[in-house]
Amino acid sequence: MDEVVEAAQELLKRRTGAAVRLVDATDLGGGGDTVVLRVRVAENPFSLPRTLVLKQVLGGNRQLADGQIDESFRREAVSYQFCNSLSGAHRPGPELVAYDLDARLLVLSDLGDAPAMGELLARRDASEVTHSLMALAQSLGRMHSNTYGRQDDYTTLLHRTPGVDEAHPLNAQAARAADEVPSMLQDILAVAVPEDVRATAARGRELFDGGRFRAFSTADLCPDNILVNEGGVKFLDYEWGGFRDATLDISYALASFPTCLCALELSQDQVEEMVEAWRAEVVSVFPQLRDDSVLYSRLLAAMLLWLWLSTWLFLDDAGADVHVDEDAEAWLRQHELAVGRRTALRRRWSILAAFADKLGDNAVGDHARAVLGALEE
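The numbering used here puts the first residue of the sequence shown at 2, with every later residue one more than the last.
See the structure below:
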């Protein structure tokens, strides 16, 4: 902790031209090789906030399994820079005060001791949970509507930062899931995937590759990465930040956070209310989504692909290749809404089955029920 504080003091000194003293460091919990601290600004020559949050990724540039350098810190710095260009009222999360790419250090404004969305969604009162889900959907929509049309600005920042790939980091995983899950389902669960379901999944995969309703997304929308303070819903952790089709974000929430082990049992009433809350915020920039057939067909395709990705990440079997390492899973299991792998998958496939039935898509509904039945055996 002392080393992180010292590095932040030096960074702020270089930025302001005067000494800044940070005291009373409190560990906010990081995960893996990430340290996150809250500090008080004891000496404040340039009207810095009274408290700041420091985030440092230790250990240098992490090497990934495929030999590539982990770009997540640099992408996060770029994403925060982009969000700083938004007005304070439209900024989806904390303000970036300073950053150091070489030290892999961010200095952020402090959002306070606000509850995480996971804590709110874990409450027993169904009306409170629905209210929180609506707030999440509305805030996603506001983030999308306020950043639509600004992808060139984000891309310019990316190009100024060496070591960051323009392609979104989830794209490759989504592509692998689309290719590999049909055989996984057959081999592990004895569930065949019909051609019309494969066609719907292919449309979902296209959303990761492009999509015409593009806006900024933090992408890591696990409920424990979302705070709710007096300013509303605020998003944290921009390591996967970037521009992508906005329907991927709302469908991620509808599918109960598929890349995380957080999982809710969402009712269809809650799903529909979330869709409408989100749509109300984005139709001014995406007027095509006023058409139910356009919106709901995209949501179904996106949810199916998210479910395939979740299955690719978490479906376990003796000798099977599960695509989440032990350290990552240990961190995911500490989350407020965390459940076991198969429990998470069962809840998600159940939501998809009900959603497909509501839309009258018998093929996807039957597919979801077949997977659900196999997971319950």
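Where a beta carbon is used, it is the ideal one built from N, C-alpha and C, also for glycine.
The alpha-carbon of Glu4 is positioned some 39 Å away from that of Leu265. For Val6, the enclosing alpha helix (DSSP H) begins and ends at 3-17. By alpha-carbon distance to Val340, the top candidate from Ala193, Ala123, Ala9 is Ala123.
If you check the CB distance, Leu228 and Ala117 come in under 8 Å. Contact between the stretch 107-117 and the stretch 80-96 is established, with three or more Cβ pairs separated by less than 8 Å.
In this structure, Asp210 and Asn172 form a Cβ contact; the two beta carbons are roughly 7 Å apart against a cut-off of 8 Å. With contacts defined by Cβ atoms closer than 8 Å, Gly243 and His169 form a contacting pair. About 4 Å separates the beta carbon of Leu23 from that of Val40, a gap short enough to meet the 8 Å contact definition.
Unbroken alpha helix (DSSP H) runs of no fewer than 4 residues, entirely contained in the stretch 242-287, are found at 248-255, 269-283, following chain order.
Listed in chain order, the non-local C-beta contacts of Ile251 below 8 Å within the same chain comprise Ala138, Leu141, Gly142, Met275, Val276, Trp279, Leu300, local neighbours out to five positions each way being set aside.
Ala345 and Leu49 have their C-alpha atoms some 43 Å from each other. By the 16-neighbour rule on beta-carbons within 10 angstroms, Thr157 is exposed. Non-local beta-carbon contacts of Arg206 in its own chain, meaning distances under 8 Å to residues more than five positions away in sequence, involve Ala175, Ala176, Ala179, Leu306 in chain order.
Residues Gln271 of the same chain have their beta carbon placed closer than 6 Å to that of Thr131, with the five preceding and five following residues left out of the count. Taking C-alpha positions only, Glu44 is separated from Asp293 by approximately 56 Å. The alpha helix (DSSP H) runs lying completely inside the stretch 91-169 and spanning 4 residues or more are 118-122, 127-148, 152-161, given in chain order. Under the Cβ criterion (8 Å, minimum of three pairs), the stretch 361-368 counts as touching the stretch 182-202.
In this model, Ser298 and Arg204 are separated by some 9 Å (Cα to Cα). C-alpha of Arg161 to C-alpha of Val192: approximately 47 Å in a straight line.
In this structure, Met304 sits near Ala256, with a CB-CB distance shorter than 8 Å. In the DSSP annotation of this structure, the continuous segment of the alpha helix (DSSP H) that includes Arg343 starts and ends at 342-360. By the criterion of a C-beta distance shorter than 7 Å, Leu308 is surrounded in its chain by Ala256, Pro259, Arg349, Trp350, Leu353, once the five residues flanking it on both sides are discounted. Beta-bridge pairing by DSSP links Ile227 to Phe236. In the three-state reduction of the DSSP assignment, Glu44 falls in the strand class. Comparing alpha-carbon positions, the option among Glu231, Thr312, Ala375 lying closest to Asp114 turns out to be Glu231. Within the same chain, Leu222, Pro259, Trp307 come within 7 Å of Tyr253 by CB-CB distance, once the 5 residues on both sides are set aside.
For the pair Glu11 and Glu337, the Cα-to-Cα distance works out to about 35 Å. A check of alpha carbon separations from Val21 across Gly30, Thr27, Val6, Leu29 identifies Val6 as the nearest.
Closest in C-alpha terms to Tyr155, from the list Thr219, Ser133, Val234, comes Thr219. Looking at the DSSP output, Gln57 shares a beta bridge with Val36, Leu106. An exposed status is given to Ala19, since fewer than 16 other beta-carbon atoms sit within 10 Å of its beta-carbon. Here the C-alpha atom of Phe214 lies approximately 14 Å from the C-alpha atom of Asp153. Beta bridge pairing from DSSP links Arg75 with no other residue.
CA-to-CA, the gap between Gly30 and Leu208 works out to about 33 Å.
With a threshold of 16 other beta carbon atoms within 10 Å, Gly119 meets it and is buried.
Under the 10 Å beta carbon count, Asn85 is surrounded by fewer than 16 other beta carbons and is classified as exposed.
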